[in-house]
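Engineer:
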Amino acid sequence: MASSGFSVYVGNIPYNATEEDIGNMFSSCGVVTNVRYCVRPGNQPSERFGFCEFSVYVGNIPYNATEEDIGNMFSSCGVVTNVRIVYDRETNRPKGFGFCEFQDQQSAQNAVTNLNGAELHGRPLRVNMATK
1 MASSGFSVYV GNIPYNATEE DIGNMFSSCG VVTNVRYCVR PGNQPSERFG FCEFSVYVGN
61 IPYNATEEDI GNMFSSCGVV TNVRIVYDRE TNRPKGFGFC EFQDQQSAQN AVTNLNGAEL
121 HGRPLRVNMA TK
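So the sequence shown is numbered by the UniProt record's numbering: it starts at 1 and just counts up by one.
1. According to DSSP, simplified to helix, strand and coil, what is Ile85?
2. Of all the beta strand (DSSP E) runs that stay within the bounds of the UniProt domain "RRM" (54-132), which reach a length of 3 or more residues?
3. Going by DSSP in three states, Asn16 sits in which element: helix, strand or coil?
4. Once the 5 residues before and after Arg126 are set aside, which same chain residues still bring their CB inside 6 Å of it?
5. So, is Val80 buried or exposed, given that buried needs 16 or more other C-beta atoms within 10 angstroms?
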């Protein structure tokens with residue numbers, strides 16, 4: 001599945017805010033898996049912005065499963081914006097786990113609730129909110 005990556009845009013970030021501050025602010029919505037903090041030239045507070053991402057961990061993925069298979073399965077819980085299967089760097093074989101991002105936090109929670117233990121190609125998946 002193509003990586004389009006879904007992020008929440010955060011604008012007008014205070015000058016003294018850190019990436020950790022931004023992540024903490026959004027942690028009440030779920031586990032924040034990534035924060036990118038950007039400053040445009042000029043360093044004006046109104047030009048400071050960032051992005052927060054939410055993701056679910058998918059474990060026990062069959063080795064013959066594709067990102068498209070996972071995306072199709074998880075789309076029953078909401079709009080899937082990105083799927084990534086993790087591969088071993090040396091062998092280039094799948095490690096049996098990956099991550100799935102959704103358009104909104106509720107869809108991610110739906111995936112944990114509805115797909116944890118669901119079978120893909122005969123194997124029960126482990127689905128949890130991703131941690132940092």
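The beta carbon of each residue, even a glycine, is placed where N, CA and C say it ideally should be.
Structural biologist: On the basis of the supplied data:
1. strand
2. 80-87, 94-102, 126-129
3. coil
4. Gly59, Asn60
5. buried
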